[in-house]
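Chains as they are written, first to last, in my numbering: chain A, 11 to 587; chain B, 5 to 194.
Yeah, the Cβ is synthetic: ideal placement off N, Cα and C, and Gly gets one too.
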């Protein structure tokens, strides 16, 4: 496969100083085992993994620590043997500097493997079984974004993938992790690529490597000899290693705005991911380590290391001979797209480079000057956006206009800010605008959700009120029917002699009641009250015959009742006489 | 004289024709409800907190449609006022402090060991974000809570706190850098 297939060019791009030689002289080194590992549950795009171990558990190297939660998630494994000391918020490599929940693992120094299950005959396995192996090994993309690999391989099952692109361009200055990976593990990477192409069954497999890595290209060509894998040398230009850019360079096809590579029949994986796939399938090893570039002028001996996931950054920097007095800014990633980190944070699955820069290397940006509309940014933009227009809209916080000018197609490569003669932090503005738009969208969807819940609650309360009203009416109807039935019964029984006696009796009571004067009524009420008190006391006494207090109460109550009754009768008889 | 009469007759006929067309259109293209209320309601934050003096967001949307000031929604803050001003084509006003101050997003938090299980907060919650039963401990579903404050007042043991929504790496956002400035002022000094 030595014939170089046709390649295309991308619009824009820049040629910053490469600074790659510093870290490639010492090969790939293996630092000593760290005493404590910090394993964040979120090392990928998606939802946090769910821990399946507890503080105090003893775990072996490669043992499952946390499982996937939902489709876009990655499981997590122990990078060495030891004891889980805690599951808590811990430093995390993120631009915000905020902490994230993490599993803290204290190494026991033995580095003892759990039982692994290598798969020798992977060629005979079904793609689904291989996807399962990749999923359970907790592999997320090692290129930088950290998309869960299994989910990416499945992203558009209805689209036919005709081209598998392996991203080994590594275009960002300083970073040499993929370069070292290819120099040392070319055979394994080719096997990993073959596993990926066994799953996807594409028509062609293209590996894109920038021409500033001749050793890696030679190693990969030697390993790919006789295999259906094309190793393609591409011109060095930043950002040719962006997923969409590399696809355009290798295939001439452009990923549509807001779309995925799968929409145009392409799937892209990082070269480090291919190595992780090889380890997961052939060796049965989960993703527990990765190649990390340690570079920058504040380090005595810049190098590349095979670092365990979760190794605190300061330990790796110490390994590379950090001179703290020279360190000005510590960056994870490269100088173009990286972000400042705290050295207490750990290395995670997406960390490809640690750049310990001196003040000369990463000088603080000069104060921004107003835009002079020179248009250099538009020439440099690899996504063919209009950075200048975006700048004005971002300043004016005109979010609908930003979206119309395709802000979300910006890959944040930093080429525009790099060429800007006014030193305007363009990417920073775009990032802030993107965050703001996302948060507004989130607020809107939350407001909509709350409104629906509120309306449903109102509807429910109304339904319940109606139900109560209906129940009440039903009860009233039942009572009315029962009353009617009673009256009908009473009417039918009129012929029998007994009710005859009742009727005049009722008439007599009514007559008596209606003729009572207010004083008589009062007396009658007093008499009734006294009788009730007497009856209650008698009842209580019946319940507790031994209660002396109650026994003592009875005679006065009897007396009071007799008096009241007598007074009432006297009053009525006086009236009658 | 006849020309005046002709003009009157022509105008009369025209007005009758247009009147008939308008009358027909008013019946044929009649819009049920008030669409502007829906548009206003879609911009309000739907916390249903009642700080504007209306029993919910929709009543306030109706009141705005009837001419009430647009600056009485503290949870919406400046951005909502701006959006309402754009929609209604009126001048944005500063938030009316009388109805409360703009606060960061809040969530209710029940101190669970103090909860007596009275269900009063459940009845007060406009979006059913509190889970619990009589004489059982209650808890707030954070993702559903709008931070409206309405559950705090009915609690007989004061075990509900309003806490600011914690910032995590998921909801954290970049802060915009200061805009570029001319150094003219420096030039003026020298």
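Check: Between residue 169 of chain A and the rest of its own chain, which residues show a CB-CB distance below 7 Å, the 5 nearest in sequence each way excluded?
Finding: 272, 273, 275
Next item on the list: Taking residue 336 of chain A as the reference, give the member of A:308, A:533, A:488 with the closest Cα.
Entry: A:308
Note to self: For residue 436 of chain A and residue 319 of chain A, what's the separation of their Cα atoms in angstroms?
What the structure shows: 33 Å
Checklist line | Cross-chain neighbours of residue 449 of chain A in chain B, by beta carbon under 9 Å | finding: 175, 177
Note to self: Considering Cα atoms alone, identify which of A:221, A:175, A:386, A:229 is closest to residue 198 of chain A.
What the structure shows: A:229
Next item on the list: Measure the alpha-carbon distance for residue 555 of chain A versus residue 547 of chain A and round it to whole angstroms.
Entry: 11 Å
Note to self: Checking 9 Å against the spacing of the C-beta atoms, do residue 155 of chain B and residue 164 of chain B come in under that value?
What the structure shows: Yes, the Cβ-Cβ distance between residue 155 of chain B and residue 164 of chain B is below 9 Å.
Check: How is residue 502 of chain A classed by DSSP in three states: helix, strand or coil?
Finding: helix
Note to self: Among the candidates B:35, B:90, B:62, whose CA atom is the shortest distance from the CA of residue 410 of chain A?
What the structure shows: B:90
Notebook entry, point to check: Roughly how many angstroms lie between the CA atoms of residue 288 of chain A and residue 195 of chain A, to the nearest whole one?
Noted result: The alpha-carbon atoms of residue 288 of chain A and residue 195 of chain A are separated by roughly 10 Å.
Next item on the list: Using three-state DSSP, classify residue 270 of chain A as helix, strand or coil.
Entry: Residue state, collapsed to three classes: coil.
Note to self: Quick check: is the beta carbon of residue 571 of chain A nearer than 9 Å to any beta carbon in chain B?
What the structure shows: Residue-level contact check: residue 571 of chain A does not touch chain B, since none of the beta carbons of chain B fall below 9 Å from its beta carbon.
Next item on the list: Compile a chain-ordered list of the residues in the segment 470-491 of chain A whose CB is closer than 8 Å to at least one CB of chain B.
Entry: none
Next item on the list: Using a cut-off of 8 Å between C-beta atoms, extract the partners of residue 186 of chain B located in chain A.
Entry: Taking a Cβ-Cβ threshold of 8 Å, the residues of chain A close to residue 186 of chain B are 379, 380, in chain order.
Check: Going along chain A in order, which residues have a C-beta closer than 8 Å to the C-beta of residue 65 of chain B?
Finding: Chain A residues near residue 65 of chain B: none, gap ~11 Å exceeds 8 Å.
Item checked: Minimum length 4: unbroken alpha helix (DSSP H) runs contained in the segment 224-270 of chain A -> 224-233, 253-261
Margin query: What residue range does the beta strand (DSSP E) around residue 299 of chain A cover?
Written below: 299-305
Checklist line | Closer than 9 Å to chain B by CB, residue 143 of chain A | finding: no
Next item on the list: Within 10 angstroms of the Cβ of residue 69 of chain A, are there 16 or more other Cβ atoms? Answer buried if so, exposed if not.
Entry: Its Cβ being crowded by 16 or more others within 10 Å, residue 69 of chain A is buried.
Notebook entry, point to check: Opposite residue 280 of chain A in the DSSP bridges: which residues?
Noted result: A:177
Check: In whole angstroms, what separates the C-alpha of residue 116 of chain B from that of residue 122 of chain B?
Finding: 12 Å
Next item on the list: Quick one: which unbroken beta strand (DSSP E) runs of 3-plus residues sit fully inside the segment 40-71 of chain A? Chain order, please.
Entry: 46-50
Next item on the list: Would you identify the three-state DSSP class for residue 28 of chain B, choosing helix, strand or coil?
Entry: helix
Check: residue 132 of chain B versus chain A: which residues are under 9 Å apart at the beta carbon?
Finding: Neighbours of residue 132 of chain B on chain A, chain order: 463, 464, 466, 467, 470.
Margin query: Determine whether the beta carbon atoms of residue 101 of chain A and residue 48 of chain A lie at a separation below 9 Å.
Written below: yes
Notebook entry, point to check: If we cut at 9 Å on Cβ distances, does residue 182 of chain B have a partner in chain A?
Noted result: It does: the Cβ of residue 182 of chain B has a partner Cβ on chain A nearer than 9 Å.
Item checked: Cβ separation of residue 314 of chain A and residue 301 of chain A, assumed to be a contact under 8 Å, to the nearest whole Å -> Taking 8 Å as the upper bound for CB-CB distance, residue 314 of chain A and residue 301 of chain A are in contact here, some 6 Å apart.
Next item on the list: Following the continuous alpha helix (DSSP H) through residue 214 of chain A, name the residue where it begins and the one where it ends.
Entry: Per DSSP, residue 214 of chain A belongs to no alpha helix (DSSP H); it is in the beta strand (DSSP E), 214-220.
Check: What residues from chain B crowd round residue 208 of chain A, counting only those whose CB sits closer than 7 Å?
Finding: Below the 7 Å Cβ cutoff, chain B contributes no neighbours of residue 208 of chain A, its closest Cβ being approximately 35 Å away.
Check: If you draw a straight line from the C-alpha of residue 112 of chain A to the C-alpha of residue 67 of chain B, how long is it?
Finding: Distance between the alpha carbons of residue 112 of chain A and residue 67 of chain B: 49 Å.
Check: Is it a yes or a no for the segment 124-131 of chain B touching the segment 71-79 of chain B, going by three-plus beta-carbon pairs under 8 Å?
Finding: no
Check: If you drop the 5 nearest sequence neighbours on each side, which residues of the same chain put their C-beta closer than 7 Å to that of residue 130 of chain A?
Finding: none
Item checked: Unbroken stretches of the alpha helix (DSSP H), 4 residues or longer, contained in the segment 289-350 of chain A -> 323-329
Check: Looking only at C-alpha atoms, which of B:5, B:137, B:41, B:111 sits nearest to residue 70 of chain B?
Finding: B:41
Next item on the list: Excluding the 5 residues preceding and the 5 following residue 359 of chain A in the sequence, name in chain order all residues of the same chain whose CB lies nearer than 7 Å to its CB.
Entry: 53, 54, 150, 152, 156, 297, 300, 319
Margin query: With a threshold of 9 Å between beta carbons, is residue 82 of chain B in contact with chain A?
Written below: no
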